[in-house]
Amino acid sequence: MKPLNLLLLLTTLLLPTVHADNASIGYELLFYYYVYKMEYQSGAPRTIAVDCQSRDTGGGMCKFDEFVKHVIEADWYPSYEPAAADHTTTPDDSQLTRINRNIPGSARLDLGKLLNNLDPDQKAYAIIITKVLHAADAAFAADENLSTTDMAQAVAYAKEAKSVRNEVVFPIQQEALQGRVDAEVLEYVHSTLTGFDWVRTFGNIDLAVEDGSLDSDVAKGYKAQLRLFARNFQHDIYVAKEAGHLNNVRALATAVTRITRNIEDREPGATEAEIPSTECSDEFSSDETTSSSSSSGSD
Numbered sequence: 001m002k003p004l005n006l007l008l009l010l011t012t013l014l015l016p017t018v019h020a021d022n023a024s025i026g027y028e029l030l031f032y033y034y035v036y037k038m039e040y041q042s043g044a045p046r047t048i049a050v051d052c053q054s055r056d057t058g059g060g061m062c063k064f065d066e067f068v069k070h071v072i073e074a075d076w077y078p079s080y081e082p083a084a085a086d087h088t089t090t091p092d093d094s095q096l097t098r099i100n101r102n103i104p105g106s107a108r109l110d111l112g113k114l115l116n117n118l119d120p121d122q123k124a125y126a127i128i129i130t131k132v133l134h135a136a137d138a139a140f141a142a143d144e145n146l147s148t149t150d151m152a153q154a155v156a157y158a159k160e161a162k163s164v165r166n167e168v169v170f171p172i173q174q175e176a177l178q179g180r181v182d183a184e185v186l187e188y189v190h191s192t193l194t195g196f197d198w199v200r201t202f203g204n205i206d207l208a209v210e211d212g213s214l215d216s217d218v219a220k221g222y223k224a225q226l227r228l229f230a231r232n233f234q235h236d237i238y239v240a241k242e243a244g245h246l247n248n249v250r251a252l253a254t255a256v257t258r259i260t261r262n263i264e265d266r267e268p269g270a271t272e273a274e275i276p277s278t279e280c281s282d283e284f285s286s287d288e289t290t291s292s293s294s295s296s297g298s299d
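If you number the sequence shown the way full-length UniProt numbering does, the last residue is 299 and the count never jumps.
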């Protein structure tokens, strides 16, 4: 495994977690908007920003700038000054400029406006992400002609948010890995600056077996260690804030996996996204997301 650049590691560990929240929240807003659009256009029962009405003649579905103004908290509202280009139903990275300009120290969403009929005990942010995913699933089921372009955009921005959020917990995940698997296993682990790549990791082990440098039985043991780590590493994260980030990462990963599979079911080969390896799928996603971390924002 390539050593993580020491300076980057120290920067990541010292970086206030609120900055990670702010860095990801723009991507999350784009993700939520595309699912809102999918739900609105599919005819499925509406659950996202149900009271948001466009100021355009005839009302109807909110444009992106209207959606953002509808779901952000009052303290953030004065800082968000959208441009004409933000009044669109096809937002992209260019909209992040206005979202991030003069953003408050802890940018928060009004979760009651984001999601309809939200119970008081369901405000852990990972649960919010999961409910948005359920809305995407319902939209997909309701409309066989739902735009796969919008679905792909939802996937893209969920992936961006996941990558940013994972920067907070990945150094801790790396430390946990070193404590839970044999040193020899680490030689085969492939990672980026923000997460483990299990597809390439298990591929590295398979290649070593094929070229004769690793015994097949030993390889099975290495894979077993990695699977066990993927199921249990979260127990090494004790700080509530870090555990909350981990739950959010897992919820976003589940959204990426499920929506990608829905696209592929409808249009095989339509995406270039690589669905996470089932070898260590628990590290990436879970069908049931639980968290004791409660917040009205992106914590």
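Just so you know, even glycine gets a beta-carbon here, dropped at the ideal spot from N, CA and C.
Residue pairing of F196 in beta bridges, as defined by DSSP: S191. Spatial neighbours of C62 in its own chain (CB-CB distance under 6 Å, excluding positions within 5 residues in sequence) are listed in chain order as C52 and S54. Of Q225, L193, G195 and L246, the smallest CA-CA separation from I205 is found for Q225.
In the three-state scheme derived from DSSP, where H, G and I count as helix and E and B as strand, R180 is classed as helix.
When secondary structure is reduced to three states using DSSP, I72 falls in the strand class. Per the coordinates, the alpha-carbon of Q178 lies some 7 Å from the alpha-carbon of L186. In the three-state DSSP reduction, L109 falls in the strand class (E or B).
A156 is classed as buried because its beta carbon has at least 16 other beta carbons within 10 Å across all chains shown.
Listed in chain order, the alpha helix (DSSP H) elements of length 4 or more contained wholly in the segment 27-98 are 64-71. The segment 65-80 makes no contact with the segment 39-46; the number of CB pairs closer than 8 Å stays below 3. Among the bridge pairs identified by DSSP, L115 is matched with I48. Rounded to whole angstroms, T148 and I263 show a C-alpha spacing of 6 Å. Here A161 is near L252, since their CB atoms are less than 8 Å apart. Here G112 has L118 as same chain residues with Cβ atoms under 6 Å from its own Cβ, once five neighbours each way along the sequence are excluded. The C-alpha of P91 is placed about 21 Å away from the C-alpha of E73. For the set D93, S106 and G60, the Cα lying nearest the Cα of W76 is the one of S106.
Inclusion of S79 and A85 in the CB contact set at 8 Å is not warranted, their separation being larger than that value. Here the segment 133-153 makes no contact with the segment 167-176; the two share fewer than three CB pairs at distances below 8 Å.
If you compare the alpha carbons of A49, I129 and Y34 with that of N248, the shortest gap goes to I129. With respect to V164, S24 sits close: the two C-beta atoms are nearer than 8 Å. Counted as a single uninterrupted DSSP element, the alpha helix (DSSP H) harbouring L133 occupies residues Y125 to A142. DSSP places N232 inside the alpha helix (DSSP H), whose first and last residues are S216 to N232. By the neighbour-count criterion, in which a residue is buried when 16 or more other Cβ atoms sit within 10 angstroms of its Cβ, R98 is buried. In the displayed model, D211 falls within coil according to three-state DSSP, outside both helix and strand. In the same chain as D182, and ignoring 5 residues on each side of it, the C-beta atoms closer than 7 Å to its own belong to Q225, in chain order. In the assembly as shown, L207 is an exposed residue. Its beta-carbon has fewer than 16 other beta-carbons within 10 Å.
L114 places its beta carbon less than 8 Å from that of Y32. Collapsing the DSSP output to three states places R101 in coil.
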